[in-house]
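Q:
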Amino acid sequence: MRAALWYGRKDVRIENVPEPLSPEEDEVLVKIVWCGICGTDLHEYLTGPITIPAKNPHPLTKRRAPIILGHEAVGEVLEVGEKVSHCEPGDRVVFYPVIGCGGCWWCREGRPHLCSKVAFIGSSWDGGMAEYMRVPALNCYPIPPSLSSEEATLVEPFAAAVRATKRADIKPDESVMIVGSGTIGLCVLQALRARGVESVFVVEKILQRRKIAEQLGARKTFDPTISDIEQKIFQLTEGLGPQYVFECVGTAVTADFSFKIVRKGGTIVILGIFEEPAPFNYTDLVYSEKKVLGSMGGGEEFGNTIQILASPKITLEPLITKKISLSSLVEEGFEPASRHKEKHIKILVDLQK
Ligand SMILES: [Zn+2]
Ligand SMILES: [Zn+2]
Numbered sequence: 015m016r017a018a019l020w021y022g023r024k025d026v027r028i029e030n031v032p033e034p035l036s037p038e039e040d041e042v043l044v045k046i047v048w049c050g051i052c053g054t055d056l057h058e059y060l061t062g063p064i065t066i067p068a069k070n071p072h073p074l075t076k077r078r079a080p081i082i083l084g085h086e087a088v089g090e091v092l093e094v095g096e097k098v099s100h101c102e103p104g105d106r107v108v109f110y111p112v113i114g115c116g117g118c119w120w121c122r123e124g125r126p127h128l129c130s131k132v133a134f135i136g137s138s139w140d141g142g143m144a145e146y147m148r149v150p151a152l153n154c155y156p157i158p159p160s161l162s163s164e165e166a167t168l169v170e171p172f173a174a175a176v177r178a179t180k181r182a183d184i185k186p187d188e189s190v191m192i193v194g195s196g197t198i199g200l201c202v203l204q205a206l207r208a209r210g211v212e213s214v215f216v217v218e219k220i221l222q223r224r225k226i227a228e229q230l231g232a233r234k235t236f237d238p239t240i241s242d243i244e245q246k247i248f249q250l251t252e253g254l255g256p257q258y259v260f261e262c263v264g265t266a267v268t269a270d271f272s273f274k275i276v277r278k279g280g281t282i283v284i285l286g287i288f289e290e291p292a293p294f295n296y297t298d299l300v301y302s303e304k305k306v307l308g309s310m311g312g313g314e315e316f317g318n319t320i321q322i323l324a325s326p327k328i329t330l331e332p333l334i335t336k337k338i339s340l341s342s343l344v345e346e347g348f349e350p351a352s353r354h355k356e357k358h359i360k361i362l363v364d365l366q367k
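Set out below in structure tokens:
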């Protein structure tokens, strides 16, 4: 079968590899239809290895590079192991990308994403940028007919947004600012609107992305390059600043801005992935009593997110900006996604083409 393998930074190859073996008793074999390019795939391509085991085999999966990329996949179940009961051949499924050891304190607490041996589909387990994928059945979630396969590629990033907004416990009458309106920022925006939050503001430097944010329900959007942006935001929030800020970019500048703009005593939720460490003044945290909350992935909200996305309230279409074939993944996918952010939000790879 054809698959996209990560060999190293800026070295992703489309190759013919053996098809996966028949599933073990608790596994599923899936024919992949679509796979979205995630920001994390792009980070691995541009600056990796980040979570890909490049030198030593992964402690849980024993896999190491070259490894098949991709976790925002959708496919059709072909074969299930004998102990699998929640999905069957013919079902369309999406994948929760986290694989825990099952035995440690975090896994037993139901938080496998914090497992000390955590593995991820598409970085330490062969992923969905391939014609077929074999995965633990626990990671497979069937999707209803009302959700198209293309839209379902967004379940994984949307679940991360749903979970982050739930963990922050935002009430409908509170004010929120989202910094960065790429896939995650736009998912957070819609997750907040679905929670009934009215005052959602977006800061985004790319005009096209600001327009989409407005279309999807942002009360007002801001270009961060204008000079008096902080003043303008304070004016709209009773001179106090927003109660919550979601940092969805992952740079020192945007993190700094997020910390500065959030109301004293308010909360900054960090969803951006930082390529480099960003300096932070902890004393400011003491005096301002601002809270910083990190949130990783969709976890326990994965199933719930499928129900939310199947409802007509959510609009996923504007997020999908391009569809490409596997053979052009680098030239038509990774390169334009990193160079032309004004044109692209989510690029989907067609695995059957
Ligand atoms: Zn993702
Ligand atoms: Zn564990």
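Last residue of the sequence shown: 367 (the numbering used here), numbering continuous. The beta carbon of each residue, even a glycine, is placed where N, CA and C say it ideally should be.
#1: Can you pull every residue whose C-beta falls closer than 6 Å to some heavy atom of ligand 1, listed in chain order?
#2: Say yes only if the C-beta of residue 132 is nearer than 8 Å to one or more non-hydrogen atoms of ligand 2, and no if none qualify.
#3: What runs of the beta strand (DSSP E), each 3 residues or longer, lie entirely inside the segment 39-96?
#4: Count the other CB atoms within 10 Å of the CB of residue 277; is the residue buried (16 or more) or exposed (fewer)?
#5: Tell me which residues share the same chain as residue 62 and place their Cβ nearer than 6 Å to its Cβ, disregarding the 5 neighbours each side in the sequence.
#6: Specify, as a first and last residue, the run of the alpha helix (DSSP H) that residue 281 falls within.
#7: Return the chain-ordered list of same chain residues with a C-beta closer than 6 Å to the C-beta of residue 72, the five sequence neighbours on each side being excluded.
#8: At a cut-off of 8 Å, is residue 10 close to ligand 2 when judged by its beta-carbon and the heavy atoms of the ligand?
#9: Rounded to a whole number of angstroms, what is the C-alpha to C-alpha distance between residue 292 and residue 264?
#10: Reducing DSSP to helix, strand and coil, say where residue 25 ends up.
#11: Using the beta-carbon count (16 or more within 10 Å), is residue 266 buried or exposed?
#12: State whether the segment 304-311 contacts the segment 169-181, with contact taken as three or more CB pairs (one from each stretch) at a distance under 8 Å.
#13: CB-CB under 6 Å to residue 254, same chain, minus the five flanking residues each way: which ones, in chain order?
#14: Would you tell me roughly how many angstroms separate the C-alpha atoms of residue 243 and residue 67, rounded to the nearest one?
#15: Which full runs of the beta strand (DSSP E) of 3+ residues lie inside the segment 294-356, going along the chain?
#16: Could you have a look at residue 232 and say whether DSSP puts it in helix, strand or coil?
#17: Rounded to the nearest angstrom, what separates residue 173 and residue 313 at their Cα positions?
#18: Do residue 55 and residue 136 have their C-beta atoms within less than 9 Å of each other?
#19: Tell whether a beta-carbon distance below 9 Å holds between residue 112 and residue 101.
#20: Classify residue 35 as buried or exposed, calling it buried when 16 or more other Cβ atoms lie within 10 Å of its own Cβ.
#21: Could you give the uninterrupted runs of the alpha helix (DSSP H) lying entirely in the segment 118-206, keeping only those of 4 residues or more?
#22: Using the three-state DSSP reduction, which class does residue 254 fall into: helix, strand or coil?
#23: Anyone know if the C-beta pair for residue 146 and residue 45 falls short of 9 Å?
#24: For my contact list, residue 143 and residue 84 are in at a C-beta cut-off of 8 Å; report their separation, rounded to the angstrom.
#25: Could you check if residue 139 belongs to the surroundings of ligand 2, using beta carbon to heavy atom distance under 8 Å?
#26: At which residues does the alpha helix (DSSP H) containing residue 215 begin and terminate?
#27: Check the C-beta distance from residue 191 over to residue 103 and give it rounded, since I have them as a contact under 8 Å.
#28: Any idea what DSSP makes of residue 243, helix, strand or coil?
A: Short version:
#1: 52, 54, 85, 86, 170, 171
#2: yes
#3: 41-50, 86-94
#4: buried
#5: 23
#6: Counting along the chain, residue 281 falls outside any alpha helix (DSSP H), though it belongs to the beta strand (DSSP E) covering 281-284.
#7: 133, 138
#8: This structure gives no information on residue 10, because the portion of the chain shown stretches from 15 to 367.
#9: 9 Å
#10: strand
#11: exposed
#12: yes
#13: 277
#14: 42 Å
#15: 305-308, 334-339
#16: coil
#17: 8 Å
#18: yes
#19: no
#20: exposed
#21: 119-122, 163-166, 169-182
#22: coil
#23: yes
#24: 3 Å
#25: no
#26: Note, residue 215: premise wrong, no alpha helix (DSSP H); beta strand (DSSP E) at 214-217.
#27: Rounded, the Cβ-Cβ distance is 46 Å, inconsistent with contact.
#28: helix
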